[in-house]
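*Asks:* Numbering (full-length UniProt numbering), first residue to last: 1 to 242. Below you will find the structure I want to go over with you.
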Ligand SMILES: O=C(CO)COP(=O)(O)O
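The following block contains the structure:
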C-alpha cells in the first residue's frame, strides 16, 4: 500500500510565535484523522527546532524546505542533512520550482540534495513540474520524464516522495484538472523502479478541491502551499473525504 502524505509547505511564512499558535489550533483538529494519513509540515529553518520540541511524540512530522548536499564545510548560509536529522526532522522538500526559479537550482543539484538527505536518514520530497510555456508547447511529458530521471540518479526509491507541481498551478488558484494531474503522475510512476513511491500533487490545492484530487487512483497526497497556512483549512485537507 502506498502511503498517503498530506504536507504543508509554508514557504517563507510564520515566525516561531506564529508557528506555535498554528500548532495549538491545528493539532486538535486532526486528532481523529485516519492513522494511515501522514501529516507533514515543511517550515522555515528557524521554526524547525521549536516545533520539533512542541510536536515530540505526536503524529505531525516536520520537513525542511531545502538542504545542502555536503555534510559540512565553508558554505555560508547553508544547512546540512545531519543538522536536520539531529533535531528530529523527517522530510525535506528538494528542487521546488521556486528554488529552481529564484536560486538557480537544477536537476543535478536536486539529485545531490536527494542523495545527501537519504544518507542522513531524511525522506526527500523531490518536486518536479512543467512551466506554462512548456505545457503550451506540448513538452510536459518530456520535461517531467527528464526531471525525474536526472533527479533520481543513484537514488534509493524505497525512501522517497515525489511531488508533481505544475508551475502554472502554484499560487495561482488555477489547479491542474484532477484527471490531468492523475495522468502525469501515472507517467511519473512509469519511470520508477519502485511502484510504491508516494507521489503527491501540488498547486492550488485547497479545502474545496482536495476531495476530487485525492479520489484519483495515482495521487497519493498533496503538497499544499497557501492553504496550509491556516489551521482550519489545512485540517480540512488532511480530513479529505475519499
Ligand atoms: O508550491 C506549492 C507547494 O509546494 C503549492 O503552493 P500553493 O498551494 O500555494 O499553490
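Quick reminder that beta carbons are idealized off the backbone N, C-alpha and C, glycines included.
1) Return the chain-ordered list of same chain residues with a C-beta closer than 7 Å to the C-beta of residue 159, the five sequence neighbours on each side being excluded.
2) Apart from the five residues just before and just after residue 14, which ones in its own chain have a Cβ nearer than 8 Å to its Cβ?
3) With DSSP collapsed to three states, give me the class of residue 2.
4) Start and end of the beta strand (DSSP E) containing residue 144?
5) Just verifying my parser: in three-state terms, what is the DSSP assignment at residue 124?
6) Any idea what DSSP makes of residue 210, helix, strand or coil?
7) Out of 64, 85 and 65, state which residue places its alpha-carbon closest to the alpha-carbon of residue 71.
8) Listed by chain order, which residues have C-beta atoms less than 6 Å from any heavy atom of ligand 1?
9) Let me make sure I understand the geometry here. Which of 141, 111 and 219 has the alpha-carbon closest to that of residue 154?
10) Since residue 169 and residue 204 should fall inside the 8 Å C-beta cutoff, what is the C-beta to C-beta distance between them, to a whole number of angstroms?
11) By how many angstroms is the C-alpha of residue 200 removed from the C-alpha of residue 207?
12) Which whole-angstrom value describes the C-beta separation of residue 9 and residue 234, a residue pair presumed to lie in contact below a C-beta threshold of 8 Å?
13) Return the Cβ separation of residue 90 and residue 63 in integer angstroms, given the expectation that the two are a contact with Cβ distance under 8 Å.
14) Tell me whether residue 160 sits in a helix, a strand or coil according to DSSP, three-state version.
15) With DSSP collapsed to three states, give me the class of residue 185.
*Replies:* Working from what's here:
1) 118 and 123
2) 22, 43, 44, 47 and 229
3) In this structure, residue 2 counts as coil in the three-state DSSP scheme.
4) That residue, residue 144, is in no beta strand (DSSP E); its alpha helix (DSSP H) goes 140-151.
5) strand
6) helix
7) 85
8) 9, 96, 165, 170, 171, 202, 203, 204, 205, 223, 224, 225, 226 and 227
9) 111
10) About 5 Å separates the Cβ atoms of residue 169 and residue 204, confirming a contact at the 8 Å cut-off.
11) 16 Å
12) The Cβ separation is near 11 Å, so there is no contact.
13) With 8 Å as the limit, residue 90 and residue 63 qualify as a contact, their Cβ atoms being about 7 Å apart.
14) coil
15) Assigned with DSSP and collapsed to three states, residue 185 falls in helix.
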